[in-house]
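Q: Dropping the structure in here first, questions after.
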Amino acid sequence: MTQTVGERLKGFGWRQWLVLVAFLLVLGFTGLHAFRAVRGAVYWRYHRDEPIRGWMTVGYVAHSYQVPPHVLYLALGLPHKRPDKRPLREIAKAQNRSMDEIRAVLQDAIIHARPPYPAPSPPPPDEESAH
Amino acid sequence: MTITDQLLAALSLYGLPVLFGGLVISSAGVPFPMTLMLVAAGSFVEQGEMKLWPVLLLASTGAVLGDQIGYALGRKGGRRVAVRISRWIGSEDHIYKAEAFAERWGAAGIFFSRWLVTPLGPWLNLTSGITAYPWPRFLFWDVLGQVLWVVLYVMLGKIFSDRVEALTEILGNLGWVVIGLIVALILGWNLVQYLRPARTESAENLELLADESRRKTNRRASVGNLP
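Protein chains in written order, with our numbering: chain R, 1 to 131; chain B, 132 to 358.
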């Protein structure tokens with residue numbers, strides 16, 4: 001007579017059980033990451049704005065939040081003609097401010113550069129270039 | 132400040148040298164988040180802060196160079212250690228079996244671990260060296276896979292340049308899903324082998340009966356054809 005699956009399971013040695021447990025663990029691990037990927041995609045669909053982090057440049061934040069860069073440079077009191085390649089953390093250090101302060105300043109500027117507020121005015125001439 | 136933040140900050144500040152150095156070190160086996168760096172580099176290209184061709188060229192060169200370091204470590208030091216250990220535990224034939232396995236599956240392993248299942252890349256470099264996988268072939272598949280990886284991730288970063296972190300998180304999770312599925316397939320195949328009914332006596336009897344019936348049918352047919 002052919003053995004059923006249950007009967008064959010009963011005849012499993014420790015090696016076979018080990019493979020079965022590993023198989024179930026790997027399935028769980030794969031399922032968890034698949035869930036995270038789907039959750040990330042759903043989040044992506046509904047939240048366009050990325051949280052502002054210390055590694056980001058002013059240019060990147062402007063690009064990510066789709067606001068003119070000069071608005072953010074002005075809010076931070078930086079010249080806007082040449083792109084500042086420093087990450088926000090470096091700018092915070094140079095201005096003796098915390099990252100939270102920088103984040104708050106940028107978020108405030110971003111809110112005021114988007115509807116329902118009027119579109120931001122074109123960039124004024126830099127102080128450096130005006131002199 | 133995490134290592135990821137530090138690397139990204141350095142990338143935005145110093146650009147290409149950081150990208151190149153990071154890729155050499157990570158491909159040699161140090162776990163740096165280089166996928167994120169490539170996607171971020173793609174985003175910087177889109178914003179006009181970096182140029183596309185130097186990014187692609189230097190990133191590919193750095194990744195391939197790092198892989199050669201891993202391979203050389205495996206070939207010079209790792210092989211000697213592996214042979215000594217297998218001699219010590221009395222299973223020298225395992226090395227030859229591993230070599231035969233690498234000979235058969237090495238190309239696919241090297242190619243896919245460059246761009247699809249990247250966390251396995253540094254391990255494949257070491258094992259390719261240990262199993263003395265031919266270096267020209269290793270280099271060929273390595274260059275092919277790494278160029279594909281770099282182009283793929285930089286272009287993704289360029290296309291989705293405003294959401295670097297979200298994209299990298301999704302890609303990272305998808306990478307683990309692919310690895311999980313491959314391992315689950317291998318383990319599942321083993322389980323099926325255990326669960327598959329062994330060739331029992333009854334199955335052999337059935338085959339004998341089928342043979343007997345076939346013979347009878349043929350005999351009847353030949354009798355029917357008699358004049």
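We treat Cβ as the ideally placed atom computed from N, Cα and C, and that holds for glycine.
1. Can you tell me whether Pro-51/R is helix, strand or coil according to DSSP?
2. Taking the beta carbon of Ser-112/R as the centre, do at least 16 other beta carbons fall within 10 Å, making it buried, or is it exposed?
3. Quick one: what's got a C-beta closer than 6 Å to Ala-130/R's C-beta in the same chain, skipping five residues either side?
4. If the cut is a Cβ gap below 7 Å, which residues of chain R does Gly-311/B touch?
5. Taking only three categories from DSSP, how would you classify Thr-57/R?
6. From the beta carbon of Tyr-325/B, is the nearest beta carbon of chain R less than 8 Å away?
7. Should Glu-101/R be flagged as near chain B, meaning a C-beta pair shorter than 8 Å?
8. Can you tell me the Cβ-Cβ gap for Tyr-264/B and Ala-213/B, rounded? I've got them flagged as a contact below 8 Å.
9. Below 8 Å between beta carbons: does that hold for Glu-296/B and Glu-90/R?
10. Contact criterion: CB-CB distance below 8 Å. Does His-63/R meet it with respect to chain B?
11. Which residues of chain R have a Cβ atom closer than 8 Å to the Cβ of Ser-157/B, listed in chain order?
12. Indicate the three-state DSSP secondary structure (helix, strand or coil) for Pro-87/R in the structure shown.
13. Along the chain, where does the alpha helix (DSSP H) containing Pro-256/B start, and where does it finish?
14. Using the beta-carbon of each residue, which ones in chain B are nearer than 8 Å to Val-19/R?
15. Does DSSP put Thr-4/R in a helix, a strand or coil?
16. Just curious, the alpha helix (DSSP H) that Phe-29/R is in, first and last residue?
17. Looking at C-alpha atoms only, which residue of Leu-167/B, Pro-185/B, Gly-197/B, Ser-143/B is the closest neighbour of Gln-277/B?
18. Hey, out of Gly-208/B, Arg-327/B, Ile-313/B, whose CA is closest to Phe-23/R's CA?
19. Take Pro-253/B and list the residues in its own chain whose beta-carbon comes closer than 6 Å to its own, dropping the five residues that flank it on each side.
20. Is it true that the segment 135 to 143 of chain B meets the segment 162 to 172 of chain B, where meeting means three or more beta-carbon pairs spaced less than 8 Å apart?
21. In the structure shown, what three-state DSSP assignment does Ala-159/B receive?
22. Contact criterion: CB-CB distance below 8 Å. Does Arg-5/R meet it with respect to chain B?
23. So, is the C-beta of Ile-216/B closer than 8 Å to a C-beta in chain R?
24. Here's the rule: buried if 16 or more other CB atoms are within 10 angstroms of the residue's CB, otherwise exposed. What is Asp-293/B?
25. Quick one: which chain B residues come within Cβ less than 7 Å of Ala-113/R?
26. Select from Thr-192/B, Val-186/B, Gly-260/B the residue whose C-alpha is nearest the C-alpha of Gly-146/B.
27. For Trp-280/B, which residues in the same chain have their Cβ closer than 6 Å to its Cβ, ignoring the five residues on either side in sequence?
28. Ser-174/B versus chain R: which residues are under 8 Å apart at the beta carbon?
29. So with Cβ pairs under 8 Å, would you call Ser-143/B a contact of chain R?
30. Specify the secondary structure class of Gln-324/B as computed by DSSP and reduced to three states.
31. At what residue ranges does the segment 75 to 126 of chain R contain a whole run of the alpha helix (DSSP H), taking only runs of 4 or more?
32. Give a yes or no on contact between the segment 62 to 76 of chain R and the segment 109 to 124 of chain R, applying the rule of three or more CB pairs nearer than 8 Å.
33. When you compare only the Cα positions, how much space is there between Ile-290/B and Arg-211/B?
A: The relevant details are as follows:
1. Start at 1 with the first residue of the first sequence, and residue 51/R comes out as number 51. Reduced to three states, the DSSP call for Pro-51/R is coil.
2. As a first step, residue 112/R is located in the first sequence; it is residue number 112 there, counting from the start. In the sequence as displayed, the identity of residue 112/R is His instead of Ser. The residue is exposed, with fewer than 16 neighbouring Cβ atoms inside 10 Å.
3. Along the first sequence, read from residue 1 onward, the residue named residue 130/R stands at position 130. Residue placement at Ala-130/R cannot be trusted, given a pLDDT of 45 that sits under 50; what the coordinates show is reported in the next sentence. Result list for Ala-130/R: empty, nothing under 6 Å.
4. The residue you call residue 311/B lines up with position 180 of the second sequence. Simply Val-26, Phe-29, Thr-30, His-33.
5. The sequence position of residue 57/R within the first sequence is 57, counting from 1. Thr-57/R falls in the strand class under three-state DSSP.
6. In the second sequence, residue 325/B corresponds to position 194, counting from 1. Yes, Tyr-325/B lies at the interface with chain R (some Cβ there is under 8 Å from its Cβ).
7. Here residue 101/R refers to the residue found at position 101 of the first sequence. Not one chain B Cβ lies under 8 Å of Glu-101/R.
8. Here residue 264/B is taken as the residue at index 133 of the second sequence, counted from 1. Here residue 213/B is taken as the residue at index 82 of the second sequence, counted from 1. Contact doesn't hold; Cβ gap of about 13 Å is too wide.
9. For the purposes of this step, residue 296/B is taken as residue 165 along the second sequence, with counting starting at 1. For the purposes of this step, residue 90/R is taken as residue 90 along the first sequence, with counting starting at 1. In this structure, Glu-90/R does not lie closer than 8 Å to Glu-296/B by Cβ.
10. Sequence index remark: in the first sequence, residue 63/R carries index 63 (1-based). Chain B, which has a Cβ nearer than 8 Å to the Cβ of His-63/R, makes this yes.
11. Along the second sequence, read from residue 1 onward, the residue named residue 157/B stands at position 26. Those do not exist, as Ser-157/B stays about 17 Å from chain R at its closest Cβ, beyond 8 Å.
12. Locating residue 87/R in the first sequence gives position 87, counting from the first residue. Of the three classes helix, strand and coil, the one that applies to Pro-87/R here is strand, per DSSP.
13. Residue numbering aside, residue 256/B sits at position 125 when the second sequence is read from its first letter. Note that residue 256/B is Asn in the sequence shown here, rather than Pro. Run containing Asn-256/B: 252 to 261, per the alpha helix (DSSP H) assignment.
14. To locate residue 19/R, count along the first sequence from 1; it is residue 19. Simply Leu-318, Asn-321, Leu-322, Tyr-325.
15. One-based indexing of the first sequence puts residue 4/R at position 4. Here Thr-4/R sits in coil by DSSP.
16. Here residue 29/R is taken as the residue at index 29 of the first sequence, counted from 1. Its alpha helix (DSSP H) spans residues 14 to 46.
17. Translated into positions along the second sequence, residue 277/B becomes position 146. Among Leu-167/B, Pro-185/B, Gly-197/B, Ser-143/B, the Cα nearest to that of Gln-277/B is on Gly-197/B.
18. Within the first sequence, the letter at position 23 stands for residue 23/R. Closest option to Phe-23/R, Cα to Cα, is Ile-313/B.
19. Position 122 of the second sequence, counted from the first residue, corresponds to residue 253/B. Counting only Cβ-Cβ distances below 6 Å, and skipping sequence neighbours, we find Gly-160, Gly-201.
20. yes
21. One-based indexing of the second sequence puts residue 159/B at position 28. Correct three-state label for Ala-159/B: coil.
22. Counting from 1 along the first sequence, the entry for residue 5/R is found at position 5. Strictly speaking, residue 5/R in this sequence is Val, with Arg absent from that position. Chain B contact via Cβ: present.
23. For the purposes of this step, residue 216/B is taken as the residue at position 85 of the second sequence. Not one chain R Cβ lies under 8 Å of Ile-216/B.
24. Residue mapping note: residue 293/B aligns to position 162 of the second sequence, counting from 1. Buried: at least 16 other Cβ atoms inside 10 Å.
25. Within the first sequence, residue 113/R is the residue found at index 113, counting from 1. Here the premise fails: no neighbours, minimum Cβ distance about 15 Å.
26. Counting from one through the second sequence, the residue named residue 146/B turns up at place 15. Closest option to Gly-146/B, Cα to Cα, is Val-186/B.
27. Along the second sequence, one-based indexing puts residue 280/B at 149. These residues qualify, in order along the chain: Arg-245, Trp-246.
28. The sequence position of residue 174/B within the second sequence is 43, counting from 1. Under the 8 Å cutoff, chain R gives Tyr-60, His-63.
29. Translated into positions along the second sequence, residue 143/B becomes position 12. Yes - at least one Cβ of chain R is within 8 Å of the one on Ser-143/B.
30. Residue numbering aside, residue 324/B sits at position 193 when the second sequence is read from its first letter. Looking at Gln-324/B - three-state DSSP - the assignment turns out to be helix.
31. 88 to 94, 99 to 113
32. yes
33. As a first step, residue 290/B must be located in the second sequence, where it is residue number 159. As a first step, residue 211/B must be located in the second sequence, where it is residue number 80. Each residue's alpha carbon lies about 46 Å from the other.
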